[in-house]
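As numbered in the working numbering, the sequence shown has no gaps in its residue numbers, which increase by one up to the final residue, 456.
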Amino acid sequence: MAVGQVFVDTLATFLDRIAQFLPALLGAILVLILGLVIAKLVQKVITQILKIARLDILSEKAGIASILAKGDIKYTLSELIGVITYWLLILTVVIAALDTLNLKVAAELLDKVVLYVPNVILAVFILVLGLFFAALIGSIVRTTASNAGLAYAKNLGQIAQVVIVVFSILITLSQLGVRTVILDQAILIFLASLGLGLALAFGMGSKDTAGKIMSDLVDKWKKR
C-alpha cells in the first residue's frame with residue numbers, strides 16, 4: 233500500500249509540474265510564431281528600402297558584388313543585410329522564448345551573442361563604405377594624375393585605393409574588438425616608407441624641372 237501511495241504521489245507531482253510548465257511552453261511557442269512573422273516582415277521592408285536607396289548599385293561600383301559572388305553568396309548586398317537582420321531578430325525572439333521558459337543560462341548566452349551582432353553589422357557597413365570610397369578616391373586620383381600627364385597615373389590610383397582599403401579594414405577590426413596595435417604600427421611604417429619612396433622618386437624625376445625653375449627665378453632676380 234505504501235508503494236502504491238508513493239507511485240500516486242510521484243505521478244501527481246509530475247502532472248502538477250507539467251501543468252505549471254504547460255502555460256510557459258505555450259507562451260514560448262506563441263512568442264516564436266509571432267517573432268518569425270515579424271522578423272520576416274522586417275527583413276522584406278529593410279531589403280526593399282536598401283534597394284530603393286540603390287545600395288546594390290553602389291556595391292557593384294565598389295566591387296562588393298563581385299566579392300560576394302566569389303564567396304558563392306547568392307544574395308545581393310541589400311538582401312544579405314536583410315537576411316542578417318532577420319537572424320538577429322530570430323535570436324532576440326529565441327532569447328525571449330527561453331526567458332518565458334525560465335531557461336536563464338541559455339538566454340544569457342544568446343543575449344551576449346545578440347549584443348555582439350550589432351558590432352558585426354556596423355563593421356560590415358564600415359567596410360562596405362570604405363571600399364566604396366576607396367574605389368571613388370582611386371578613380372579621382374587616377375583621372376587627376378592622367379590629366380596632369382603623369383606616366384604612372386594608374387599606379388597612383390591603385391596606391392590610393394589600397395591605402396584607404398587598409399585603413400577601412402583596420403577600423404573594421406577595431407569595431408569587432410580585435411586588437412591591431414602591432415598591425416597598426418607595421419602599416420604606419422609601411423605607409424611612411426611608401427610616402428618617402430614616392431617623395432624621393434618624384435624629387436629625382438623632377439630635379440631637372442626644379443633646377444630650371446630655380447634658374448629662371450635667379451635670372452629674373454638678376455635682371456632687376
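Note that CB positions come from ideal geometry on N, CA and C, so glycine has one too.
Source: prediction; values computed, not measured.
Residues Q407, L408, G409 of the same chain have their beta carbon placed closer than 8 Å to that of N351, with the five preceding and five following residues left out of the count. Residue state for N334 is assigned as coil, using DSSP reduced to three classes. For the pair Q393 and A366, the CB atoms are nearer than the 7 Å cut-off.
Membership of G389 in the alpha helix (DSSP H) is indicated by the continuous run 385-407. The segment 288-307 makes no contact with the segment 322-330; the number of CB pairs closer than 8 Å stays below 3. The segment 362-379 makes no contact with the segment 317-327: fewer than 3 CB pairs, one atom from each, lie closer than 8 Å. Closest option to K272, judged by alpha-carbon separation, among W319, K283, S378, V395: W319. With fewer than 16 other Cβ atoms inside 10 Å of its own Cβ, Q280 counts as exposed. With distances taken between CA atoms, V356 lies nearest to I316 out of Y307, D304, L388, I316. Taking the Cα positions, L312 is about 11 Å away from K276.
Shown here for L287: same chain residues with a beta carbon closer than 7 Å to its own, the five before and five after excluded, namely L309, S310 in chain order.
In this structure, the alpha-carbon of I270 lies about 32 Å from that of F364.
Taking the Cα positions, F399 is about 48 Å away from G259. In this model, L262 and I278 are separated by some 24 Å (Cα to Cα). In terms of Cβ geometry, I396 and I369 form a close pair [threshold 7 Å]. In the three-state reduction of the DSSP assignment, K306 falls in the coil class, being assigned neither a helical nor a strand state. For G295, the secondary structure class from DSSP, reduced to helix, strand or coil, is coil.
Taking each of G314, L268, L266, S298 in turn and checking the Cα distance to L282, the smallest one comes out for G314. Annotated three-state conformation of A285 is coil, per DSSP.
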